[in-house]
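Novice: Pasting a structure here, questions to come.
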């Protein structure tokens with residue numbers, strides 16, 4: 002498929018803030034003890050995914066997927082360091098990152114809800130905070146270990162705040178950011194393709210071009226699962242697995258009610274694995290928090306994907 006992908010509208014920071022205001026009532030619930038706060042209780046989610054025509058060398062191939070770190074004054078260094086530790090313990094072949102690496106709160110719902118969890122970041126002057134956030138995040142992620150490399154994409158917060166800064170700092174720390182780009186991963190003589198799309202809300206995402214190799218194993222890395230859903234609707238499903246973030250798994254799940262918001266239009270891919278005929282979509286809960294700096298009944302996760310032949 003060779004067409005560029007075009008969207009009718011983009012989501013601005015103002016639109017995102019209006020969404021946050023509409024959900025501000027959850028902040029009060031977060032401080033009343035309803036449910037179980039799981040903000041820093043990081044979990045490891047293991048998922049075996051069957052892939053049709055998987056090259057033999059990639060059978061039992063391990064991919065670690067981390068997304069939505071949202072490093073900020075509301076997130077301690079220790080949480081990301083723990084995520085790195087958990088990831089390395091699994092000895093993955095490949096590590097993929099799903100975007101939204103930092104968070105710079107700048108509107109009312111977050112203020113006064115909960116105390117800062119990272120006083121080091123809070124003490125950084127406002128003019129230097131963005132660079133400090135990406136630098137600190139890169140410094141922690143550089144300890145990730147994977148024999149076949151570390152690749153990531155941009156999320157809406159990265160586009161809003163500093164896409165070039167993110168890309169440059171991550172590159173200095175051994176992480177390649179893909180923006181509508183593909184990367185061939187060669188493992189023991191076989192190959193698969195990773196394609197990283199630009200952000201659906203704030204970037205200019207496009208679909209992979211010139212897919213001439215039949216039965217090629219392709220992994221689509223997209224921050225927002227709405228891009229995957231919309232691409233499928235437009236007739237593109239030439240991928241074996243899509244990995245997404247953005248939804249935070251709802252971030253706050255209330256008893257009997259569940260998660261009021263996922264911040265996506267298409268809820269089919271809001272969380273976890275969805276298996277379809279010919280392809281799979283996995284959306285991670287991610288690690289960090291935004292707007293309301295707490296998780297309830299929705300712990301952060303490191304996802305470990307094990308590829309097996311269908």
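In our numbering, the protein residues as written are 2 to 311.
Note that beta-carbon positions come from the ideal geometry of N, C-alpha and C, so glycine has one too.
Closest to residue 297 by C-alpha separation, out of 251, 130, 95, 217, would be which residue?
Specialist: Here residue 297 refers to the residue found at position 296 of the chain shown. Cα-wise, what sits closest to residue 297 is 251.
Novice: Starting from residue 162, trace the alpha helix (DSSP H) in both directions and tell me its first and last residue.
Specialist: Here residue 162 refers to the residue found at position 161 when the chain shown is read from its first residue. Here the alpha helix (DSSP H) through residue 162 covers 157-162.
Novice: Taking residue 63 as part of the beta strand (DSSP E), name the residues at either end of that continuous run.
Specialist: Your numbering for residue 63 matches position 62 in the chain shown. Looking at the DSSP string, the run of the beta strand (DSSP E) that includes residue 63 is 62-67.
Novice: Can you look up residue 26 in the DSSP assignment and give me helix, strand or coil?
Specialist: One-based indexing of the chain shown puts residue 26 at position 25. Legend: pLDDT at residue 26 = 48, less than 50; position of this residue unreliable, no value from coordinates given.
Novice: Report yes if the CB atom of residue 265 is closer than 8 Å to the CB atom of residue 275, and no otherwise.
Specialist: Within the chain shown, numbered from 1, the residue matching residue 265 stands at position 264. Within the chain shown, numbered from 1, the residue matching residue 275 stands at position 274. No, Cβ-Cβ distance for residue 265 and residue 275 is not below 8 Å.
Novice: Using the three-state DSSP reduction, which class does residue 179 fall into: helix, strand or coil?
Specialist: Within the chain shown, the letter at position 178 stands for residue 179. Coil at residue 179, not helix or strand.
Novice: On the DSSP bridge list, what partners appear for residue 308?
Specialist: Within the chain shown, residue 308 is the residue found at index 307, counting from 1. In the DSSP output, where bridge partners are listed per residue, residue 308 has 50, 62.
Novice: Which whole-angstrom value describes the C-beta separation of residue 68 and residue 285, a residue pair presumed to lie in contact below a C-beta threshold of 8 Å?
Specialist: Your numbering for residue 68 matches position 67 in the chain shown. Your numbering for residue 285 matches position 284 in the chain shown. Confirmed, Cβ separation roughly 5 Å.
Novice: Indicate the three-state DSSP secondary structure (helix, strand or coil) for residue 295 in the structure shown.
Specialist: Position 294 of the chain shown, counting from 1, holds the residue named residue 295. Reduced to three states, the DSSP call for residue 295 is coil.
Novice: Shortest alpha-carbon distance to residue 79 belongs to which of 221, 152, 137?
Specialist: Here residue 79 corresponds to residue number 78 of the chain shown, with the count starting at 1. Ranking 221, 152, 137 by Cα distance to residue 79 puts 137 first.
Novice: Taking the beta carbon of residue 157 as the centre, do at least 16 other beta carbons fall within 10 Å, making it buried, or is it exposed?
Specialist: The residue given as residue 157 occupies position 156 in the chain shown. Classification of residue 157: buried, given that the 10 Å Cβ count is 16 or more.
Novice: I'd like to confirm the pairing. Which residues does DSSP put opposite residue 151 in its beta bridges?
Specialist: Here residue 151 is taken as the residue at index 150 of the chain shown, counted from 1. Its beta-bridge partners are 96.
Novice: Quick one: what's residue 280 bridged to in DSSP?
Specialist: The count along the chain shown starts at 1 and reaches residue 280 at position 279. DSSP lists 277 as partners of residue 280.
Novice: In the DSSP assignment, find the beta strand (DSSP E) that holds residue 289 and state where it starts and stops.
Specialist: For the purposes of this step, residue 289 is taken as residue 288 along the chain shown, with counting starting at 1. Neither: residue 289 is in no beta strand (DSSP E) and is coded neither H nor E.
Novice: Reducing DSSP to helix, strand and coil, say where residue 31 ends up.
Specialist: On the chain shown, residue 31 is found 30 positions in, with the first residue counted as 1. Note that residue 31 scores 49 on pLDDT, short of 50, meaning its location in the model is unreliable; the coordinates nonetheless yield the value given after this. Helix, per DSSP.
Novice: To the nearest angstrom, how far is it from the Cα of residue 53 to the Cα of residue 294?
Specialist: On the chain shown, residue 53 is found 52 positions in, with the first residue counted as 1. On the chain shown, residue 294 is found 293 positions in, with the first residue counted as 1. Computed Cα separation, rounded: 40 Å.
Novice: Rounded to a whole number of angstroms, what is the C-alpha to C-alpha distance between residue 122 and residue 245?
Specialist: For this step, residue 122 is matched to residue 121 along the chain shown. For this step, residue 245 is matched to residue 244 along the chain shown. Going by the C-alpha atoms only, they are around 27 Å apart.
Novice: Residues bridged to residue 329 by DSSP?
Specialist: The chain is shown from 2 up to 311; residue 329 falls before or after that span and cannot be answered.
Novice: Does DSSP put residue 224 in a helix, a strand or coil?
Specialist: Taking the chain shown and counting its residues from 1, one reaches residue 224 at position 223. The answer is coil: DSSP assigns residue 224 none of H, G, I, E or B.
Novice: Within 10 angstroms of its Cβ, does residue 44 collect 16 or more other Cβ (buried), or is it exposed?
Specialist: Taking the first residue of the chain shown as position 1, residue 44 is located at position 43. Counting Cβ neighbours within 10 Å, residue 44 comes out exposed, since fewer than 16 surround it.
Novice: Count the CB pairs spanning the stretch 215-228 and the stretch 76-91 that are closer than 8 Å, and state whether there are at least three.
Specialist: Contact fails: fewer than three Cβ-Cβ distances are below 8 Å.
Novice: Using DSSP with H/G/I as helix, E/B as strand and the rest coil, what is residue 168?
Specialist: Here residue 168 refers to the residue found at position 167 of the chain shown. Residue state, collapsed to three classes: helix.
Novice: Going by other Cβ atoms of all chains shown within 10 Å of its Cβ, with 16 needed for buried, is residue 221 buried or exposed?
Specialist: Reading the chain shown from its first residue, position 220 is the one you call residue 221. Under this definition residue 221 is a buried residue.
Novice: Distance check for residue 234 and residue 280, CA to CA, integer angstroms please.
Specialist: Along the chain shown, one-based indexing puts residue 280 at 279. Along the chain shown, one-based indexing puts residue 234 at 233. Their backbone Cα atoms lie some 14 Å apart in a straight line.
Novice: Please classify residue 121: does DSSP put it in a helix, a strand, or coil?
Specialist: By 1-based counting over the chain shown, the position of residue 121 is 120. Helix.
Novice: For residue 141, report the span of its beta strand (DSSP E) as first-last.
Specialist: On the chain shown, residue 141 is found 140 positions in, with the first residue counted as 1. Premise fails: residue 141 lies in the alpha helix (DSSP H), 127-142, not in any beta strand (DSSP E).
Novice: Taking only beta-carbon atoms, is residue 159 less than 8 Å away from chain B?
Specialist: The structure shown has no chain B; it contains just one protein chain.
Novice: Tell whether a beta-carbon distance below 8 Å holds between residue 128 and residue 94.
Specialist: As a first step, residue 128 must be located in the chain shown, where it is residue number 127. As a first step, residue 94 must be located in the chain shown, where it is residue number 93. Cβ distance not < 8 Å, so residue 128 and residue 94 don't count as in contact.
Novice: Classify residue 258: buried if its beta carbon has 16 or more other beta carbons within 10 angstroms, exposed otherwise.
Specialist: In the chain shown, counting from the first residue as 1, residue 258 sits at position 257. Looking at its Cβ environment, which holds fewer than 16 other Cβ atoms inside 10 Å, residue 258 is exposed.
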